[in-house]
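> Before we start, here is the structure in question, set down as structure tokens.
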Amino acid sequence: MSQASTTPSGGPSPSETPEVLTLSEAADYLRVTESEVIELTVKQSLPGRKIGEQWRFLRSGLADWLLEPSPSQRLLRHAGALPDAPDAMLKQIYKDRGRSMTEDES
């Protein structure tokens, strides 16, 4: 009689985990609570679908989501992309006011 392989924690091995996960299975996969999975799905585009009253998630979709940078990481990637932007903005402000940047205001 053949037994299903399990991980050291007693759960099914990754190759035997179904591709379509329930809310509980998705929470176990991500190692968070079910309410956190729902919140991530609603607020942070965790890929999932609500079918009737039940949630379903693709294991591969969750894995891909984990590899994506978070929204704040995406913003930080652009920080400093235009290093002269503050100087250019300041020059434009002075130009719009009709003043020189080196003008003394005595």
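With positions in the sequence shown counted from 1, the corresponding number in this note's numbering is that position plus 2.
From the three backbone atoms N, C-alpha and C, an ideal C-beta is built for every residue, glycine too.
Predicted model, so just to flag it, every value in this text is computed and none were measured.
(1) Find the nearest neighbour of Leu68 within the set Leu25, Tyr31, Pro20, judged by alpha-carbon distance.
(2) Indicate, with yes or no, if the ligand MG has a heavy atom lying under 7 Å from the CB of Met91.
(3) Just to confirm, are Leu23 and Arg61 a CB contact at a threshold of 8 Å?
(4) Whose C-alpha, out of Phe59, Gly54, Glu55, is nearest the C-alpha of Leu48?
(5) What first and last residue would you give for the beta strand (DSSP E) that runs through Thr24?
(6) Going straight from the alpha carbon of Ile95 to that of Ser74, what length do you get?
(7) Within a Cβ cutoff of 7 Å, which residues of the same chain sit near Glu55, ignoring the five residues on either side of it in sequence?
(8) Between the C-alpha atoms of Arg76 and Asp66, what's the straight-line distance to the nearest angstrom?
On the basis of the supplied data:
(1) Comparing Cα-Cα distances from Leu68 to each of Leu25, Tyr31, Pro20, the minimum goes to Tyr31.
(2) The ligand MG is absent from the structure shown, which contains no ligand whatsoever.
(3) Their beta carbons are under 8 Å apart, which means Leu23 touches Arg61 by this criterion.
(4) If we check each option's Cα against that of Leu48, Phe59 comes out closest.
(5) In this chain, the beta strand (DSSP E) harbouring Thr24 covers 22–24.
(6) Cα to Cα, the separation comes out at about 29 Å.
(7) The beta carbon of Glu55 is closer than 7 Å to none in its chain, skipping five residues each way along the sequence.
(8) Cα to Cα, the separation comes out at about 16 Å.
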